[in-house]
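**Q** In the order they appear, the protein sequences are chains A and B.
If you count by numbering that gives the first Met the number 0, then the first sequence holds residues 0 to 350, one letter each, in order.
If you count by numbering that gives the first Met the number 0, then the second sequence holds residues 0 to 350, one letter each, in order.
For every residue, glycine included, the Cβ atom is placed at its ideal position computed from N, Cα and C.
These numbers come from a predicted model, not from an experiment.
This structure is in structure tokens; I'll ask about it shortly.
Number of protein chains: 2
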Amino acid sequence: MVRNAGGHRGALLRDVGESGLIDLLRRTHGGIPRPGELSIGDDAAVVRVPGGRAVLSTDLLVEGTHFSLGYFRPEEVGGRALSANLSDLAAMGADPVCYLVALAAHPDTPVATVDAIFRGMATAARPSGIRLMGGDTCRGERLTLCLTVVGAVGRGRPVCRAGARPGDLLYVTGSPGWSNLGLALLRGGRPTRASGWRREAMRAHLAPTARWREGQAAARSCAVAAMIDVSDGILADLAHLLERDGLGAVLAEESFPVSRSFRAASAALGIDPLDAFLGSGEDYELLMAVRPSRRARFLRAARSFPAGATPIGAVTKTPGIRVRRADGSWIEGAELPSGFVHFPSRKHRAR
Amino acid sequence: MVRNAGGHRGALLRDVGESGLIDLLRRTHGGIPRPGELSIGDDAAVVRVPGGRAVLSTDLLVEGTHFSLGYFRPEEVGGRALSANLSDLAAMGADPVCYLVALAAHPDTPVATVDAIFRGMATAARPSGIRLMGGDTCRGERLTLCLTVVGAVGRGRPVCRAGARPGDLLYVTGSPGWSNLGLALLRGGRPTRASGWRREAMRAHLAPTARWREGQAAARSCAVAAMIDVSDGILADLAHLLERDGLGAVLAEESFPVSRSFRAASAALGIDPLDAFLGSGEDYELLMAVRPSRRARFLRAARSFPAGATPIGAVTKTPGIRVRRADGSWIEGAELPSGFVHFPSRKHRAR
Numbered sequence: 000m001v002r003n004a005g006g007h008r009g010a011l012l013r014d015v016g017e018s019g020l021i022d023l024l025r026r027t028h029g030g031i032p033r034p035g036e037l038s039i040g041d042d043a044a045v046v047r048v049p050g051g052r053a054v055l056s057t058d059l060l061v062e063g064t065h066f067s068l069g070y071f072r073p074e075e076v077g078g079r080a081l082s083a084n085l086s087d088l089a090a091m092g093a094d095p096v097c098y099l100v101a102l103a104a105h106p107d108t109p110v111a112t113v114d115a116i117f118r119g120m121a122t123a124a125r126p127s128g129i130r131l132m133g134g135d136t137c138r139g140e141r142l143t144l145c146l147t148v149v150g151a152v153g154r155g156r157p158v159c160r161a162g163a164r165p166g167d168l169l170y171v172t173g174s175p176g177w178s179n180l181g182l183a184l185l186r187g188g189r190p191t192r193a194s195g196w197r198r199e200a201m202r203a204h205l206a207p208t209a210r211w212r213e214g215q216a217a218a219r220s221c222a223v224a225a226m227i228d229v230s231d232g233i234l235a236d237l238a239h240l241l242e243r244d245g246l247g248a249v250l251a252e253e254s255f256p257v258s259r260s261f262r263a264a265s266a267a268l269g270i271d272p273l274d275a276f277l278g279s280g281e282d283y284e285l286l287m288a289v290r291p292s293r294r295a296r297f298l299r300a301a302r303s304f305p306a307g308a309t310p311i312g313a314v315t316k317t318p319g320i321r322v323r324r325a326d327g328s329w330i331e332g333a334e335l336p337s338g339f340v341h342f343p344s345r346k347h348r349a350r
Numbered sequence: 000m001v002r003n004a005g006g007h008r009g010a011l012l013r014d015v016g017e018s019g020l021i022d023l024l025r026r027t028h029g030g031i032p033r034p035g036e037l038s039i040g041d042d043a044a045v046v047r048v049p050g051g052r053a054v055l056s057t058d059l060l061v062e063g064t065h066f067s068l069g070y071f072r073p074e075e076v077g078g079r080a081l082s083a084n085l086s087d088l089a090a091m092g093a094d095p096v097c098y099l100v101a102l103a104a105h106p107d108t109p110v111a112t113v114d115a116i117f118r119g120m121a122t123a124a125r126p127s128g129i130r131l132m133g134g135d136t137c138r139g140e141r142l143t144l145c146l147t148v149v150g151a152v153g154r155g156r157p158v159c160r161a162g163a164r165p166g167d168l169l170y171v172t173g174s175p176g177w178s179n180l181g182l183a184l185l186r187g188g189r190p191t192r193a194s195g196w197r198r199e200a201m202r203a204h205l206a207p208t209a210r211w212r213e214g215q216a217a218a219r220s221c222a223v224a225a226m227i228d229v230s231d232g233i234l235a236d237l238a239h240l241l242e243r244d245g246l247g248a249v250l251a252e253e254s255f256p257v258s259r260s261f262r263a264a265s266a267a268l269g270i271d272p273l274d275a276f277l278g279s280g281e282d283y284e285l286l287m288a289v290r291p292s293r294r295a296r297f298l299r300a301a302r303s304f305p306a307g308a309t310p311i312g313a314v315t316k317t318p319g320i321r322v323r324r325a326d327g328s329w330i331e332g333a334e335l336p337s338g339f340v341h342f343p344s345r346k347h348r349a350r
């Protein structure tokens with residue numbers, strides 16, 4: 000583990016300069032180019048894109064809006080940013096290829112902080128094989144990170160948001176909602192030694208895992224008609240998935256992957272567990288619409304999902320989302336919890 | 000020309016919300032996907048990369064560091080950002096494919112401002128055929144733009160920074176230095192009606208043109224051994240080009256493309272014209288190392304350069320850059336003007 004950023008213990012960005020910083024990042028975290036490729040250090044990076052179709056996503060993270068160094072360690076800022084982007088590739092069923100990082104920071108920022116952010120990204124990147132191949136550094140008042148990820152898709156892919164049909168089964172990976180519980184916990188101050196649900200909630204918020212293995216396997220199974228990651232919360236992202244085809248959905252609370260530990264965490268934090276499960280963002284689970292005729296094929300693929308998959312409802316011809324509560328009652332429309340939005344519109348805020 | 004951002008005259012980002020803004024940008028400025036491609040609106044964009052090798056560059060622009068809305072119109076911020084990125088593709092000899100834009104803005108930002116930034120990008124993008132295919136929007140205190148551009152390279156390309164040899168001829172496109180004169184002029188307040196050198200200087204700074212046609216033609220001629228864009232200034236970027244191979248260069252002032260108008264502008268602004276030509280950044284001209292044996296082939300290709308190309312010196316085996324002044328004297332080392340650097344290191348600043 001490189002702790003001292005190559006001997007720059009205590010140094011600030013203004014001490015090493017822009018070229019010193021880039022050299023450090025390239026040596027310590029730069030991806031190794033394959034024949035015909037170019038990594039950090041030229042006017043642009045060059046990467047091979049198997050299949051000739053690049054899948055691209057970009058995400059801007061601003062200190063104060065997306066994270067606070069008050070309760071995030073720099074490694075976690077980096078790891079989380081990489082996972083969020085990898086999740087966008089996962090949601091297309093794409094194979095991860097490379098990432099670029101643009102960073103703005105104050106000249107008084109310790110080199111070790113920037114190094115730790117990149118180390119966090121590299122650690123989150125490693126299992127998927129995605130490599131850092133380029134970027135940009137500049138001055139700025141607030142720490143700002145812009146990640147761009149590149150993936151590749153073969154024939155029959157990508158899996159898009161559009162494509163669901165009435166009757167499709169809705170599956171979700173893992174246990175959405177934990178990230179929001181983690182955020183609620185952290186807002187009260189970061190526990191020094193967390194265990195039990197506190198540990199699980201913190202981990203979900205600070206070090207989420209992108210479901211790229213699940214996304215790839217789902218896409219290869221050809222059983223998934225539409226897919227999205229639930230970074231804005233299940234309801235908001237389900238609505239995004241359905242709106243392309245003018246469809247709706249019914250969800251059944253009793254089938255939701257909500258554990259006893261999740262309920263205990265919700266109770267302790269004063270959050271309705273249904274709100275936490277359906278309405279909260281920043282989870283990087285995948286929501287998939289599966290053709291009933293291909294369910295067996297999907298289930299075979301899902302056996303390889305590290306995070307598993309749970310059926311939570313079905314697509315309907317009637318637009319709108321309705322949830323059947325465990326007590327048999329129904330909620331819909333404005334009664335449903337809402338997801339996270341930037342620039343919330345007046346209409347939205349008035350709800 | 001779309002002036003009212005689709006009827007949002009006077010509206011703020013908080014009025015239209017994130018999804019309203021994305022819809023507007025997609026409808027007004029979004030690229031049209033070709034078969035097998037996906038544009039704005041899914042988890043990620045999908046683009047065809049002819050040749051299977053993607054050329055990638057990303058650039059982060061922060062209000063206050065890179066531009067000021069005090070003397071930049073929003074269209075110019077967008078156009079300049081796009082040109083800067085296109086210039087990175089040009090410097091590799093790549094064919095432009097698509098761009099992504101991540102934007103952070105305060106919720107009180109007028110929709111028309113954001114629309115104008117994207118319109119500026121679209122206008123600068125149009126001649127090259129590069130298309131807006133994705134992005135991200137979020138809240139932030141300062142207006143922040145992160146552009147990522149994607150290009151493609153065929154066999155025999157890209158042209159990199161490394162590759163020069165002693166004896167190679169150094170050519171530069173256009174007339175570097177004007178951008179910095181423009182900046183100096185604008186710092187004294189934006190003239191309402193500029194003509195003559197004022198107009199040329201302002202235009203160079205506010206609406207620079209990327210040399211993608213020149214970069215493509217140079218790469219296709221197979222006569223250019225190494226290439227870089229001079230966004231940090233000729234000296235700084237020439238040093239970047241030479242350092243890969245441990246080489247040096249001699250430049251001859253009498254050959255520099257410095258016009259009478261350029262000298263008049265420098266004199267009026269109190270800037271040494273040699274400093275302006277060699278040391279100033281933010282020009283998006285290309286610097287090329289041409290093998291003497293392929294000079295004729297290069298000159299044939301250069302006939303198609305809209306900005307032309309001028310020989311300014313040659314690569315030497317001895318490291319370091321030396322400039323022969325018009326009076327026959329030589330300058331080198333610390334006597335040379337320096338380019339623009341972020342996080343200037345203490346060593347650098349001490350010069």
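My output table needs one value for K99 (chain A): the three-state DSSP class, helix, strand or coil.
**A** Counting from one through the first sequence, the residue named residue 99 (chain A) turns up at place 100. The question names Lys, but residue 99 (chain A) in the sequence shown is Leu. Of the three classes helix, strand and coil, the one that applies to L99 (chain A) here is strand, per DSSP.
**Q** Run the CB neighbour count on E334 (chain A), radius 10 Å, all protein chains shown included, and call it buried at 16 or more, exposed below.
**A** Mapped onto the first sequence, residue 334 (chain A) falls at position 335. So E334 (chain A) counts as exposed.
**Q** Would you call the stretch 217–226 of chain B and the stretch 152–171 of chain B touching, i.e. three or more CB-CB distances under 8 Å?
**A** Yes, the stretch 217–226 of chain B is in contact with the stretch 152–171 of chain B.
**Q** So, is the C-beta of V158 (chain B) closer than 7 Å to a C-beta in chain A?
**A** Here residue 158 (chain B) corresponds to residue number 159 of the second sequence, with the count starting at 1. No - not a single Cβ of chain A is within 7 Å of the one on V158 (chain B).
**Q** Shortest alpha-carbon distance to A150 (chain A) belongs to which of A:L99, A:S194, A:A104, A:G119?
**A** For the purposes of this step, residue 150 (chain A) is taken as residue 151 along the first sequence, with counting starting at 1. Looking at the sequence itself, residue 150 (chain A) is Gly, so the reference to Ala does not match. Of the candidates A:L99, A:S194, A:A104, A:G119, the one whose C-alpha sits nearest the C-alpha of G150 (chain A) is A:L99.
**Q** Taking any Cβ of chain B, which residues in the stretch 39–55 of chain A have a Cβ under 8 Å from it, in chain order?
**A** Cβ contacts with chain B come from G40, D41, D42, A43, A44, V45, V46, R47, V48, P49, G50, G51, R52, A53, V54, L55.
**Q** Mark E75 (chain A) as exposed unless 16 or more other C-beta atoms lie within 10 angstroms of its C-beta, in which case mark it buried.
**A** Residue mapping note: residue 75 (chain A) aligns to position 76 of the first sequence, counting from 1. E75 (chain A) is buried by the Cβ-count criterion.
**Q** With DSSP run on the structure shown, which of helix, strand or coil describes M201 (chain B)?
**A** Taking the second sequence and counting its residues from 1, the one referred to as residue 201 (chain B) is at position 202. Looking at M201 (chain B) - three-state DSSP - the assignment turns out to be helix.
**Q** Would the stretch 200–211 of chain A count as touching the stretch 81–96 of chain A if we require 3 or more Cβ pairs under 8 Å?
**A** Touching, per the Cβ criterion.
**Q** Counting only beta-carbon atoms, is V110 (chain B) nearer than 7 Å to chain A?
**A** Taking the first residue of the second sequence as 1, we reach residue 110 (chain B) at position 111. Cβ-Cβ to chain A under 7 Å: no for V110 (chain B).
**Q** Please go through the stretch 37–113 of chain A and give each complete alpha helix (DSSP H) segment of 4 or more residues, from N-terminal end onward.
**A** Fully enclosed alpha helix (DSSP H) runs of 4 or longer: 73–89.
**Q** Going by alpha carbons, who is nearest to G312 (chain B) out of B:G188, B:I233, B:A263?
**A** Looking up residue 312 (chain B) in the second sequence gives position 313. Checking every option, the nearest Cα to that of G312 (chain B) belongs to B:I233.
**Q** Can the beta-carbon of V48 (chain B) be found less than 7 Å from the beta-carbon of G51 (chain A)?
**A** Residue numbering aside, residue 48 (chain B) sits at position 49 when the second sequence is read from its first letter. Residue numbering aside, residue 51 (chain A) sits at position 52 when the first sequence is read from its first letter. Yes, the Cβ-Cβ distance between V48 (chain B) and G51 (chain A) is below 7 Å.
**Q** Please report the residue range of the beta strand (DSSP E) in which V171 (chain A) lies.
**A** Along the first sequence, read from residue 1 onward, the residue named residue 171 (chain A) stands at position 172. Unbroken beta strand (DSSP E) run through V171 (chain A): 168–172.
**Q** Measuring straight from C-alpha to C-alpha, what distance separates R285 (chain B) and Q215 (chain A)?
**A** Locating residue 285 (chain B) in the second sequence gives position 286, where the first residue counts as 1. Locating residue 215 (chain A) in the first sequence gives position 216, where the first residue counts as 1. Just to set this straight, residue 285 (chain B) is Leu in the shown sequence, not Arg. About 41 Å.
**Q** Measure how close the beta-carbons of A53 (chain A) and S56 (chain B) come, nearest whole angstrom, since I'm counting them as under 8 Å.
**A** On the first sequence, position 54 is the one that residue 53 (chain A) refers to. On the second sequence, position 57 is the one that residue 56 (chain B) refers to. Rounded, the Cβ-Cβ distance is 14 Å, inconsistent with contact.
**Q** Please return the same chain residues whose Cβ sits closer than 7 Å to the Cβ of P32 (chain A), not counting the five positions on each side in sequence.
**A** Here residue 32 (chain A) refers to the residue found at position 33 of the first sequence. Excluding sequence neighbours, P32 (chain A) sits near S38.
**Q** Looking only at C-alpha atoms, which of A:R294, A:A295, A:V249, A:V314 sits nearest to G327 (chain A)?
**A** Position 328 of the first sequence holds residue 327 (chain A). When each option's Cα is compared against that of G327 (chain A), the closest is A:V249.
**Q** Could you give the C-beta distance for V257 (chain B) and F276 (chain B), rounded to a whole number, given that I count them as a contact under 8 Å?
**A** Stepping through the second sequence from its first residue, residue 257 (chain B) is reached at position 258. Stepping through the second sequence from its first residue, residue 276 (chain B) is reached at position 277. Going by Cβ atoms, the distance from V257 (chain B) to F276 (chain B) rounds to 5 Å, so yes, they are a contact pair.
**Q** What is the residue span of the beta strand (DSSP E) that E331 (chain A) lies within?
**A** In the first sequence, counting from the first residue as 1, residue 331 (chain A) sits at position 332. It spans 329–331 - the beta strand (DSSP E) in which E331 (chain A) sits, taken as one unbroken run.
**Q** Where does R262 (chain A) sit, in a helix, a strand or coil, going by DSSP?
**A** Looking up residue 262 (chain A) in the first sequence gives position 263. Helix.
**Q** Which residues, in chain order, does the stretch 215–230 of chain A contribute to contact with chain B at a C-beta distance below 7 Å?
**A** Cβ contacts with chain B: I227, D228.
**Q** With DSSP run on the structure shown, which of helix, strand or coil describes G232 (chain A)?
**A** The count along the first sequence starts at 1 and reaches residue 232 (chain A) at position 233. Note: G232 (chain A) maps to coil in three-state DSSP.
**Q** Within this structure, are the beta carbons of V158 (chain A) and A218 (chain A) separated by less than 7 Å?
**A** Here residue 158 (chain A) is taken as the residue at index 159 of the first sequence, counted from 1. Here residue 218 (chain A) is taken as the residue at index 219 of the first sequence, counted from 1. Against a cut-off of 7 Å, the Cβ pair of A218 (chain A) and V158 (chain A) comes out as a contact.
**Q** Establish whether the CB of T57 (chain A) and some CB of chain B are separated by less than 7 Å.
**A** Residue 57 (chain A) sits at position 58 when you count from the first residue of the first sequence. With 7 Å as the cut-off, T57 (chain A) counts as an interface residue toward chain B.
**Q** Give a yes or no on whether the minimum CB-CB distance between V314 (chain B) and chain A is below 7 Å.
**A** Position 315 of the second sequence, counted from the start, is the residue given in the question as residue 314 (chain B). No, because no Cβ of chain A sits closer than 7 Å to the Cβ of V314 (chain B).
**Q** Here's the rule: buried if 16 or more other CB atoms are within 10 angstroms of the residue's CB, otherwise exposed. What is G155 (chain A)?
**A** Against the first sequence, residue 155 (chain A) aligns to sequence position 156. Looking at its Cβ environment, which holds fewer than 16 other Cβ atoms inside 10 Å, G155 (chain A) is exposed.
**Q** Where does the unbroken beta strand (DSSP E) through L250 (chain A) begin, and where does it stop?
**A** Here residue 250 (chain A) corresponds to residue number 251 of the first sequence, with the count starting at 1. Segment 247–251, the beta strand (DSSP E) holding L250 (chain A).
**Q** Spatial neighbours of E62 (chain A) within its chain, please: CB distance less than 8 Å, with the 5 preceding and 5 following residues excluded, ordered by chain position.
**A** Position 63 of the first sequence, counted from the first residue, corresponds to residue 62 (chain A). The residues are L68, R141, L142, T143.
**Q** Taking 7 Å as the CB-CB limit, is V171 (chain A) close to chain B?
**A** Taking the first residue of the first sequence as 1, we reach residue 171 (chain A) at position 172. By this cut-off, V171 (chain A) is not an interface position.
**Q** What does T208 (chain B) reach in chain E if we use C-beta pairs closer than 8 Å?
**A** The structure shown contains no chain E; its protein chains are A and B.
**Q** Does the beta-carbon of R186 (chain A) have 16 or more other beta-carbons within 10 angstroms, so that it is buried, or is it exposed?
**A** Position 187 of the first sequence, counting from 1, holds the residue named residue 186 (chain A). Its Cβ having fewer than 16 others within 10 Å, R186 (chain A) is exposed.
**Q** Just to confirm the assignment, what range does the alpha helix (DSSP H) spanning V15 (chain A) have?
**A** Along the first sequence, one-based indexing puts residue 15 (chain A) at 16. Looking at the DSSP string, the run of the alpha helix (DSSP H) that includes V15 (chain A) is 12–28.
**Q** Under the three-state reduction of DSSP, which class applies to A238 (chain B): helix, strand or coil?
**A** As a position in the second sequence, residue 238 (chain B) is number 239, starting the count at 1. Three-state result, A238 (chain B): helix.
**Q** Identify which residue in A:S18, A:G247, A:G29, A:E253 has its Cα closest to the Cα of G128 (chain A).
**A** For the purposes of this step, residue 128 (chain A) is taken as residue 129 along the first sequence, with counting starting at 1. Of the candidates A:S18, A:G247, A:G29, A:E253, the one whose C-alpha sits nearest the C-alpha of G128 (chain A) is A:G29.
**Q** Rounding to the nearest angstrom, what Cα-Cα distance links W196 (chain B) and E253 (chain B) in this structure?
**A** One-based indexing of the second sequence puts residue 196 (chain B) at position 197. One-based indexing of the second sequence puts residue 253 (chain B) at position 254. In a straight line, the C-alpha of W196 (chain B) is about 21 Å away from that of E253 (chain B).
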